[in-house]
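Participant: Residue numbers (this note's numbering): 5 to 115.
Yeah, the Cβ is synthetic: ideal placement off N, Cα and C, and Gly gets one too.
Starting off with a structure, shown below.
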Amino acid sequence: MRQDDLPFDPQEISSWWGYNPTLKRQDDVDLGTMSYDKKEAIIGEYKWRKAEKLSPQILDTLRSRAALLSSKFGITKIHLYSFAKESSPSFKELAESQKVRLILFDDFWKS
């Protein structure tokens with residue numbers, strides 16, 4: 005994976021931890037970055053587990069957390085990423101159908 009594979013040049017890459025009013029508890033995002041104009045963001049979750057343990061709930065949680073950050077920071081366009089050690093064909097297909105970019109460990113070594 006290369007920087008020009010991203011939808012925009014990231015301002016700063018970090019994680020986020022804060023209060024989720026919907027769940028009425030603390031929540032977190034593994035990876036987040038905003039564009040310089042603060043209108044777009046990449047929101048990502050890391051899951052380092054076997055392919056058969058990746059579930060649709062992971063993508064639901066990612067969407068929920070992205071919606072929280074979108075409303076909190078006024079972001080108008082969100083790009084969703086799921087980072088995983090490996091994936092089953094069915095999880096890969098599900099991620100694609102939900103417009104979540106799935107990045108596998110082996111993808112980091114491709115140029």
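Would you call Glu49 buried or exposed, if buried means 16 or more other Cβ atoms sit within 10 Å of its Cβ?
Facilitator: The residue labelled residue 49 in the question sits at position 45 within the sequence shown. By the 10 Å Cβ count, Glu49 comes out buried.
Participant: Using a Cβ distance threshold of 8 Å, determine whether the segment 52-63 contacts the segment 24-44, with at least three qualifying pairs required.
Facilitator: no
Participant: Return helix, strand or coil for Lys51, following the three-state DSSP convention.
Facilitator: Looking up residue 51 in the sequence shown gives position 47. Strand.
Participant: Any idea if Ser91 is buried or exposed, counting beta-carbon neighbours within 10 angstroms, 16 or more meaning buried?
Facilitator: Numbered from its first residue, the sequence shown carries residue 91 at position 87. Buried, because 16 or more other Cβ atoms sit within 10 Å of the Cβ of Ser91.
Participant: Take the Cβ of Phe77 as the centre, count every other Cβ of all protein chains shown within 10 Å, and call the residue buried at 16 or more, exposed below.
Facilitator: For the purposes of this step, residue 77 is taken as the residue at position 73 of the sequence shown. Phe77 comes out exposed.
Participant: On a CA-only basis, which of Thr26, Lys42, Lys89 and Tyr40 is nearest Arg53? Give me that one, please.
Facilitator: Residue 53 sits at position 49 when you count from the first residue of the sequence shown. The residue with the shortest Cα to Cα distance from Arg53 is Lys89.
Participant: Can you tell me where the beta strand (DSSP E) with Leu106 in it begins and where it stops?
Facilitator: Residue numbering aside, residue 106 sits at position 102 when the sequence shown is read from its first letter. Its beta strand (DSSP E) spans residues Val104 to Leu108.
Participant: Residue ranges of each beta strand (DSSP E) run of no fewer than 3 residues wholly in the segment 71-102, ordered along the chain?
Facilitator: You should have 81-88.
Participant: When you compare the CB positions of Leu72 and Ser86, do they come within less than 8 Å of one another, or not?
Facilitator: Within the sequence shown, numbered from 1, the residue matching residue 72 stands at position 68. Within the sequence shown, numbered from 1, the residue matching residue 86 stands at position 82. Not a contact, by the Cβ cut-off of 8 Å.
Participant: In chain order, what residues of the same chain lie with their CB nearer than 8 Å to the CB of Ile47, ignoring the 5 residues before and after it?
Facilitator: On the sequence shown, position 43 is the one that residue 47 refers to. Counting only Cβ-Cβ distances below 8 Å, and skipping sequence neighbours, we find Val33, Leu35, Gly36, Leu66, Arg69, Ala70, Leu73, Ile82, His83, Leu84 and Tyr85.
Participant: Per DSSP, what kind of secondary structure is Gln122 in: helix, strand or coil?
Facilitator: Missing from the structure shown is residue 122; the chain here goes from 5 to 115 and no further.
Participant: Who does Trp20 pair with in a DSSP beta bridge?
Facilitator: In the sequence shown, residue 20 corresponds to position 16, counting from 1. In DSSP, Trp20 forms a bridge with Val33.
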